[in-house]
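> Could you have a look at this structure, given as structure tokens, before my questions?
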Amino acid sequence: MTINSTNENYETVKVYLYYYNILNDTNDPTSEISDDFFRTHFSNGIDNRSKFIKNCKRLNYYITRSISTECHNNDACFEITNYWLNDEVRTDSDQINRALLDKYKEFMGEYNKTKSYVSKIYYINNELFSKKKVLYELYDEYDKLYNLLEPFDHSKCAHLATIVNSYNNIITQYPQKDNNNFSVTLTDFKSHVQKKAEEYIALCGRKIPDFKSFVENPLYGIDETRNLLQTAEDLGDFHSQESENLGSTITITFFGTTVGIFFTLMLFYKVNKYSIKIHYIP
892 MTINSTNENY ETVKVYLYYY NILNDTNDPT SEISDDFFRT HFSNGIDNRS
942 KFIKNCKRLN YYITRSISTE CHNNDACFEI TNYWLNDEVR TDSDQINRAL
992 LDKYKEFMGE YNKTKSYVSK IYYINNELFS KKKVLYELYD EYDKLYNLLE
1042 PFDHSKCAHL ATIVNSYNNI ITQYPQKDNN NFSVTLTDFK SHVQKKAEEY
1092 IALCGRKIPD FKSFVENPLY GIDETRNLLQ TAEDLGDFHS QESENLGSTI
1142 TITFFGTTVG IFFTLMLFYK VNKYSIKIHY IP
């Protein structure tokens, strides 16, 4: 896992909900860590100490779940854990947020059960984190609202409309396809909802707004236009060169033909003159 990667991974809705539920398999996903440990290693210098200790206990629980057989040695549990912790520390400036995340990594380094997994926790840069946050909040909203659709009646159309509107708001905020899998996972989410709620969407009809789609990156169009212009320019140069070559060929041919005719006439003239002289010999 790369720190501050420009290609931050975004989980699909199925993967996220599956592993999120594994991490949060109890109502209070925390593990007991003695108060003596925190008094020894973090006696001072911690703002909102009670929240820090609570989050450390949850972090330890998440790490334990991430290395369990339920997570199948899949990095998705670690990635969701890292996202959760990044969300917890984002309360102030980047500098303060990073410093707080470092405190949690310090805890992991001091605590025996977590010290081997410090590298799994890193600060996600703001742009990538913002995308991950709106995506995972959409998944959470979908998970809650979809469970309310059964038993279905037309009053439930509002729940479906809320899910679609939330999706469309993200497309409005990030309308262009990017180089990472953010747009891919969002498109996957749309397909997932359309398939899972196909019958409900049909029953609700116009009460459900249409799903928006990404637009192609304009840079792609610019590059294509440049390529077309370059091709046209190259073809123009080719035809120009062909015209020049043709002109040169015509000039040379004309010159050669003229010279040939001249010498032919001269030879004909000399032959005729010689014949005349022979004719008049006394």
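When you line the sequence shown up against my numbering, it's residues 892 to 1173, in that order. Virtual Cβ for every residue (Gly too), placed ideally from N, Cα, C.
#1: Let me know if E1133 comes out buried or exposed under the rule of 16 or more other beta-carbons within 10 Å of its beta-carbon.
#2: D985 to N939, Cα distance in whole Å?
#3: Please return the same chain residues whose Cβ sits closer than 6 angstroms to the Cβ of I954, not counting the five positions on each side in sequence.
#4: Determine whether the beta carbon atoms of L1029 and F1080 lie at a separation below 8 angstroms.
#5: Quick one: what's got a C-beta closer than 7 angstroms to L1019's C-beta in the same chain, skipping five residues either side?
#6: Taking the continuous alpha helix (DSSP H) assigned at N1017, which residues delimit it?
#7: Ends of the alpha helix (DSSP H) at E1174?
#8: May I have the straight-line CA-CA distance separating L1087 from L992, to the nearest angstrom?
#9: Beta carbon of Y901, beta carbon of S922: below 8 angstroms?
#10: What does a CB cutoff of less than 7 angstroms around H932 pick up in its chain, not counting 5 residues either side in sequence?
#11: Shortest alpha-carbon distance to S959 belongs to which of L914, I937, N918?
#12: Tell me which same chain residues have a C-beta within less than 7 angstroms of the C-beta of S1057, skipping the five on either side of it?
#13: By the DSSP assignment, the alpha helix (DSSP H) with I913 in it spans what residues?
Looking at the atomic coordinates:
#1: Unreliable placement is indicated for E1133, whose pLDDT of 48 sits below 50; the coordinate value is still reported in the next sentence. So E1133 counts as exposed.
#2: If I take the Cα positions, the gap works out to 18 angstroms.
#3: If the five residues before and after I954 are omitted, its C-beta is found closer than 6 angstroms to the C-beta atoms of T1005, Y1008, all from its own chain and listed in chain order.
#4: Yes, the pair counts as a contact, with Cβ atoms nearer than the cut-off.
#5: Answer for L1019: E899, listed in chain order.
#6: First-last of the alpha helix (DSSP H) with N1017: 1017-1037.
#7: Outside the modelled stretch of the chain, which goes from 892 to 1173, sits residue 1174, for which no answer is possible.
#8: Before going on, a small fix: residue 1087 reads as Lys here, not Leu. Computed Cα separation, rounded: 38 angstroms.
#9: Cβ distance not < 8 angstroms, so Y901 and S922 don't count as in contact.
#10: Answer for H932: E1001, listed in chain order.
#11: Sorting L914, I937, N918 by C-alpha distance to the C-alpha of S959 places L914 at the top.
#12: Close CB contacts of S1057 within its chain, under the 7 angstroms cut and outside five residues either way in sequence, are with L1029, E1032 (chain order).
#13: Where I913 is concerned, the enclosing alpha helix (DSSP H) starts and stops at 904-914.
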